[in-house]
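Protein chains in written order, with the working numbering: chain A, 169 to 284; chain B, 133 to 246.
First up is the structure itself, then whatever we jot down about it.
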Amino acid sequence: GDSVTQTEGLVTVTEGLPVKLNCTYQTTYLTIAFFWYVQYLNEAPQVLLRSSTDNKRTEHQGFHATLHKSSSSFHLQKSSAQLSDSALYYCALSVNTGANTGKLTFGHGTILRVHP
Amino acid sequence: GGIITQTPKFLIGQEGQKLTLKCQQNFNHDTMYWYRQDSGKGLRLIYYSITENDLQKGDLSEGYDASREKKSSFSLTVTSAQKNEMAVFLCASSTPPSNTGQLYFGEGSKLTVL
Numbered sequence: 169g170d171s172v173t174q175t176e177g178l179v180t181v182t183e184g185l186p187v188k189l190n191c192t193y194q195t196t197y198l199t200i201a202f203f204w205y206v207q208y209l210n211e212a213p214q215v216l217l218r219s220s221t222d223n224k225r226t227e228h229q230g231f232h233a234t235l236h237k238s239s240s241s242f243h244l245q246k247s248s249a250q251l252s253d254s255a256l257y258y259c260a261l262s263v264n265t266g267a268n269t270g271k272l273t274f275g276h277g278t279i280l281r282v283h284p
Numbered sequence: 133g134g135i136i137t138q139t140p141k142f143l144i145g146q147e148g149q150k151l152t153l154k155c156q157q158n159f160n161h162d163t164m165y166w167y168r169q170d171s172g173k174g175l176r177l178i179y180y181s182i183t184e185n186d187l188q189k190g191d192l193s194e195g196y197d198a199s200r201e202k203k204s205s206f207s208l209t210v211t212s213a214q215k216n217e218m219a220v221f222l223c224a225s226s227t228p229p230s231n232t233g234q235l236y237f238g239e240g241s242k243l244t245v246l
């Protein structure tokens with residue numbers, strides 16, 4: 169089946185420094201899209217980035233990610249972390265299972281903690 | 133915009149009890165999902181439904197039942213609560229893959245079993 173592997177556990181970074189959360193995947197489907205979801209404390213997960221185009225950089229809220237099908241990766245990066253970026257981040261793979269119905273597979277999540 | 137509403141937000145049950153969680157969406161999305169969220173294990177799919185009265189098992193369906201009586205609502209039943217179980221259940225709905233395939237989540241229902 170499909171699988172998503174992302175940076176395990178907790179990532180701690182100092183405010184103003186760059187941050188990178190890794191995400192790699194395995195799938196046998198051809199029609200696929202990738203997401204990064206962010207979940208702030210006591211809130212619902214919400215989409216941060218989405219991409220389905222190989223080698224194209226996607227940006228939102230200062231974060232960026234590039235889908236690289238050659239290495240099966242969709243890493244999340246930010247050049248300067250902010251305190252407000254502290255949250256739980258999920259990488260997710262979406263495949264079209266037929267009849268235009270999607271199914272998402274999530275990684276285990278990475279907690280990002282930004283400290284002053 | 134739309135919203136996903138889950139009820140109840142907090143549920144306390146007894147071991148062996150049957151417990152039901154409800155979810156309503158006003159996005160008019162066809163597909164709805166129930167995920168279980170556990171620390172360190174990510175979001176695991178329990179059931180999903182691609183249309184009214186449809187049910188599809190996810191990776192974690194054992195111990196759960198689901199029901200999609202109408203397009204806007206999707207219920208999840210824990211058939212026999214396990215002692216000391218604690219988990220957060222997230223309901224979601226999605227646009228079709230031909231659009232973005234993006235999931236929209238509710239805020240979650242937290243289950244505690246005494």
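Cβ coordinates follow ideal geometry from the N, Cα and C atoms, glycine included.
Minimum Cβ-Cβ distance from residue i to chain B less than 8 angstroms
i        : result
A/TYR258 : yes
A/ALA249 : no
A/PHE203 : yes
A/VAL206 : no
A/SER262 : yes
Proximity test, Cβ basis, 8 angstroms: residue i and chain A
i        : result
B/GLN234 : yes
B/PHE237 : yes
B/LEU192 : no
For residue i, three-class secondary structure by DSSP
i        : result
A/LEU251 : helix
B/ILE182 : coil
A/TYR258 : strand
A/HIS283 : strand
B/LEU246 : coil
B/GLN234 : coil
B/ASP197 : strand
B/ILE136 : strand
B/LYS215 : coil
B/LYS173 : coil
B/LYS203 : coil
A/GLN175 : At residue 175 of chain A the sequence reads Thr, which differs from the Gln that was named. Reduced to three states, the DSSP call for A/THR175 is coil.
B/THR227 : coil
B/LEU208 : strand
B/LEU187 : coil
B/LEU222 : strand
Contacts of residue i in chain B (Cβ-Cβ under 7 angstroms)
i        : result
A/LEU272 : LEU235
Residue from the options with nearest C-alpha to residue i
i        : options                                   : result
A/ASP170 : A/HIS283, A/CYS191 and A/TYR197           : A/TYR197
B/GLY133 : B/THR163, B/SER204, B/TYR236 and B/LYS150 : B/TYR236
B/ILE135 : B/ASN216, B/SER205 and B/LEU243           : B/SER205
B/PHE159 : B/THR227, B/GLY240 and B/LEU153           : B/THR227
A/GLN245 : A/PRO284, A/ASN210, A/THR273 and A/HIS228 : A/HIS228
B/GLY238 : B/ASP191, B/GLY148 and B/TRP166           : B/TRP166
A/TYR212 : B/PHE221, B/ASN185 and B/LEU143           : Inspection of the sequence shows that residue 212 of chain A is occupied by Ala rather than by Tyr. Among B/PHE221, B/ASN185 and B/LEU143, the Cα nearest to that of A/ALA212 belongs to B/PHE221.
B/GLU201 : B/ALA219, B/ASN216 and B/ILE182           : B/ILE182
A/THR182 : A/GLY277, A/GLN250, A/LEU256 and A/ARG218 : A/GLN250
B/THR211 : B/SER199, B/ALA219 and B/GLY195           : B/GLY195
A/LEU178 : A/LYS271, A/TYR258, A/LYS224 and A/LEU235 : A/TYR258
A/ASP126 : A/SER219, A/PRO284 and A/THR234           : The structure shown does not extend to residue 126 of chain A, since chain A is modelled only from 169 to 284, so the question has no answer here.
B/SER171 : A/LYS271, A/LEU256 and A/HIS236           : A/LEU256
A/LEU185 : A/LYS271, A/SER247 and A/SER240           : A/SER247
B/LEU208 : B/ASN216, B/GLU217, B/LYS189 and B/LYS215 : B/LYS189
Amino acids of chain B, ordered along the chain, whose beta-carbon sits closer than 9 angstroms to that of residue i
i        : result
A/ALA233 : Those within 9 angstroms of A/ALA233 in chain B number zero; the least Cβ separation is about 15 angstroms.
A/VAL179 : By Cβ distance, chain B contributes nothing, its closest Cβ being about 14 angstroms from A/VAL179, past 9 angstroms.
A/VAL215 : THR232, GLN234, LEU235 and TYR236
Under 8 angstroms from the C-beta of residue i: neighbouring residues of chain A
i        : result
B/GLY240 : ALA212
Under 8 angstroms from the C-beta of residue i: neighbouring residues of chain B
i        : result
A/HIS276 : GLY172, LYS173 and GLY174
Enumerated in chain order, which unbroken segments of the beta strand (DSSP E) with a length of 3 residues or greater are wholly contained in the region 182-256 of chain A? 187-189, 191-194, 200-207, 214-219, 225-228, 231-234 and 244-246
What beta strand (DSSP E) runs, 3 residues minimum, are completely inside the region 140-169 of chain B? 142-145 and 151-157
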